[in-house]
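Comments concern the structure below.
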Amino acid sequence: MKFRIMLAAGLLFAAVAIPRTASAQGNATVGGFGGFTLNGFQSHRPSLGGTMSFELTPGIQAVGEIGNIGNVLPLLSDAAFSAAQTSLRASAFYGEGGIRFVSPQRLQHVTPYAEATAGVARLSVTSTRLDALENAAASLGLAYAGRTAPMVGLGGGVLVRTGPVFIDFGYRYKQLFPNEAAEMILGLGQALRTHQFRIGFGVRF
């Protein structure tokens, strides 16, 4: 419930603040993305989400993002769970905001960028080898250990624009900071994190 309240408040703020600021700046974007996470040798999990941005000053933008990370298990635990044939997957639904730095050296319609974000994530654990009751029990265990965690992200990419439409080719590194119990159970002592490769489409207005 606390996570939902925090996320709803953040989205409400973005919905109110971004259009007003964008109307003053005339340089806002809304888009969606899809891609995959690459944490281990066999962990190519899909990720989906949406983004909003608006220009604060030339070369600096505020960004907001919500989405789902397909896999947040680090390499060690991902390999261990795969070797044990548990088919265990730890995903995360998240909301975050941050700053994007846009390169002033724009090559016609191609714009490189880098960004840093922070937010909160809600963990979910499932396995195709467990039945519905066992998956429910795993979710209850995770809720006891700690389901909600702060997170940070770093990344970059290029924006390819044609008129008001743009394509975003990017990479993101995201790390979660759960409590020690959740980190020990899911990460075997290592941080929960992901390497995310994605492509997005959106409009600028």
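Under this note's numbering, the first residue of the sequence shown is numbered 389, with each subsequent residue one higher.
Ideal placement from N, C-alpha and C gives every residue a C-beta, glycine not left out.
Roughly how many angstroms separate the alpha carbons of residue i and residue j, rounded to a whole number?
i, j, result
"E453", "P462", "23 Å"
"G422", "P538", "22 Å"
"I406", "F469", "Low confidence applies to I406: its pLDDT is 44, below 50, so where it sits in the model is not reliable, and the reading given next is rough at best. Taking the straight line joining both Cα atoms gives about 42 Å."
"T550", "L574", "43 Å"
"M440", "K562", "18 Å"
"S411", "V418", "Because the pLDDT of S411 is 42, which lies under 50, any placement of that residue in the model is unreliable, and the number read from its coordinates should be weighed accordingly. Rounded to the nearest angstrom, the two C-alpha atoms are 14 Å apart."
"I457", "A502", "20 Å"
"G349", "H497", "The chain is shown from 389 up to 593; residue 349 falls before or after that span and cannot be answered."
"T499", "S491", "6 Å"
"M572", "A416", "41 Å"
"F585", "R592", "22 Å"
"R581", "I555", "25 Å"
"S479", "F489", "28 Å"
"Q578", "L464", "8 Å"
"T536", "F565", "9 Å"
"R477", "G541", "21 Å"
Within the continuous alpha helix (DSSP H) that includes residue i, where are the two ends?
i, result
"G575", "E568 to G575"
With DSSP collapsed to three states, give me the class of residue i.
i, result
"L521", "Summary for L521: the model assigns pLDDT 45, below 50, so the residue's position carries little reliability; its value from the coordinates is reported in the next sentence. DSSP places L521 in helix when its eight states are reduced to three."
"A537", "strand"
"A416", "strand"
"Q578", "coil"
Along the chain, where does the beta strand (DSSP E) containing residue i start, and where does it finish?
i, result
"F593", "Counting along the chain, F593 falls outside any beta strand (DSSP E), and DSSP gives it neither H nor E."
"G558", "V553 to L564"
Checklist entry - In the segment 422-510, which residue ranges form an unbroken beta strand (DSSP E) of at least 3 residues, counting only runs that do not cross its ends? => result Counting only runs of 3 or more residues that sit fully inside the segment 422-510, the beta strand (DSSP E) segments are 432-445, 448-457 and 476-490, in chain order.
Item to check | Segment contact, 8 Å Cβ cut-off, at least three pairs: the segment 438-452 with the segment 477-490 | outcome: yes
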